[in-house]
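In our numbering, the protein residues as written are 2 to 309.
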């Protein structure tokens with residue numbers, strides 16, 4: 002008994018040190034990444050929060066402003082307009098991207114010839130940088146030689162060329178369509194992966210029971226795609242809420258404030274008007290909206306997991 006106890010004590014004494022070495026090695030490997038995240042994400046986030054309580058302007062000394070910048074955010078009509086524009090832009094662009102992406106994913110999953118090549122092709126718009134995407138659509142919407150005007154004119158739909166970015170309503174919808182085109186490949190990839198994970202036996206059983214295509218889509222495909230669909234919508238909403246490049250290069254928030262979204266409002270307030278404090282307050286509002294959206298999604302995901 003005495004020997005057994007001694008061996009047991011030795012094993013307990015040796016085990017922690019044996020496990021601590023790989024843990025220390027892994028932490029050492031992760032340290033540079035953690036330092037970079039803190040330096041370029043956490044520290045700037047806290048600094049923006051600090052600026053939101055300051056009366057700071059470019060070229061002028063600042064001082065503590067309390068909640069004045071947040072009062073400006075809640076009361077200024079231009080901020081409210083940018084907020085409503087952001088919601089309108091995000092909801093419509095994500096809805097359009099989801100609708101098109103779901104349709105294309107179902108088409109690719111239907112065993113059409115060359116589906117593998119088509120999956121690779123739909124990834125190309127996703128690989129295009131944001132600024133290149135905006136420049137492409139700037140050329141497409143050009144009122145003098147744009148591709149959209151050329152196609153519609155040659156088909157006889159319009160008798161003359163139109164300036165798609167000249168009115169607030171048409172400019173907003175043009176920007177929405179351009180941004181949705183950028184989001185569609187991501188939605189296709191996520192939903193196509195979800196479709197390939199659905200067991201074919203469920204569809205075979207449904208066919209034996211006499212279920213048609215619509216019934217299979219409604220009672221098998223959609224419920225099993227709920228999780229990947231939620232992931233795609235959540236990521237696209239977060240990206241759309243902070244979209245900047247497409248607005249900056251196509252409309253600069255105009256005409257008037259027709260396409261003024263919160264991200265461009267922050268840029269304009271900070272670097273065109275020099276009001277860093279107010280810009281920081283609006284940026285904090287945008288960050289809170291993004292965080293709230295993510296939190297709601299995570300809560301819904303946990304609720305769905307608990308029900309299952």
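Yeah, the Cβ is synthetic: ideal placement off N, Cα and C, and Gly gets one too.
Note that the structure is predicted; figures quoted are calculated from it, not measured.
Ordered list of alpha helix (DSSP H) runs contained in the stretch 106-192, each at least 4 residues = 116-123, 125-128, 131-141, 148-155, all fully within the stretch 106-192.
ask   = Among all the DSSP beta bridges, which residues are the ones paired with residue 58?
value = 61, 276
request  = Indicate whether residue 247 and residue 172 have their beta-carbon atoms separated by less than 8 Å.
outcome  = No; because the gap between Cβ atoms is not below 8 Å, this pair is not in contact.
task = Pick out whichever of 286, 235, 120 has its Cα sitting closest to the Cα of residue 322.
result = Beyond the ends of the chain as shown, which are 2 and 309, falls residue 322; an answer cannot be given.
inquiry  = Please list the terminal residues of the continuous alpha helix (DSSP H) segment that includes residue 249.
reply    = Taken as a continuous stretch (DSSP letters only), the alpha helix (DSSP H) holding residue 249 covers 246-251.
query = Among the residues of its own chain, which have a CB less than 8 Å from the CB of residue 60, if the five just before and after it don't count?
reply = 275
task = Please determine, among 51, 170, 84, the residue with the shortest C-alpha to C-alpha distance to residue 266.
result = 84
ask   = Going by C-alpha distance, which of 211, 145, 102 is nearest residue 1?
value = The structure shown does not extend to residue 1, since the chain is modelled only from 2 to 309, so the question has no answer here.
task = Determine the closest residue to residue 188 out of 106, 117, 259, with distance taken between C-alpha atoms.
result = 106
ask   = Is the stretch 181-199 touching the stretch 224-233, taking contact as three or more C-beta pairs under 8 Å?
value = yes
key: Pick from 134, 145, 298, 282 that is closest to residue 73, judged by C-alpha positions   = 282
task = Note down, in chain order, each residue of its chain lying with its Cβ closer than 6 Å to the Cβ of residue 271, except the 5 sequence neighbours on either side.
result = So the list reads 277, 280, once near-sequence residues are dropped.
ask   = Looking only at C-alpha atoms, which of 239, 252, 159, 57 sits nearest to residue 289?
value = 239
request  = Would you mind stating whether residue 100 and residue 241 have Cβ atoms separated by less than 8 Å?
outcome  = no
query = How big is the Cα-Cα spacing for residue 148 and residue 295?
reply = 38 Å
Contact belief for residue 77 with residue 66 at Cβ below 8 Å, rounded distance in angstroms = Going by Cβ atoms, the distance from residue 77 to residue 66 rounds to 15 Å, so no, they are not a contact pair.
inquiry  = For a quick check, are the C-beta atoms of residue 168 and residue 45 less than 8 Å apart?
reply    = no
query = Beta carbon of residue 119, beta carbon of residue 109: below 8 Å?
reply = Residue 119 places its beta carbon less than 8 Å from that of residue 109.
query = Which residues bound the alpha helix (DSSP H) around residue 230?
reply = 227-242
inquiry  = Just to confirm, is the Cβ distance from residue 251 to residue 138 under 8 Å?
reply    = yes
ask   = What did DSSP end up calling residue 104 once you bin it into helix, strand or coil?
value = helix
inquiry  = Going by DSSP in three states, residue 289 sits in which element: helix, strand or coil?
reply    = helix
inquiry  = Please report the straight-line C-alpha distance between residue 51 and residue 287, rounded to a whole angstrom.
reply    = 15 Å
task = Report the rounded CA-to-CA distance for residue 264 versus residue 88, giving the unit in angstroms.
result = Each residue's Cα considered, the two are about 12 Å apart.
request  = With DSSP collapsed to three states, give me the class of residue 262.
outcome  = coil
message = What residue range does the alpha helix (DSSP H) around residue 209 cover?
response = Residue range 201-209 is occupied by the alpha helix (DSSP H) that includes residue 209.
ask   = What number of angstroms, rounded off, separates the C-alpha of residue 86 from the C-alpha of residue 141?
value = When rounded, the distance between both Cα atoms is 23 Å.
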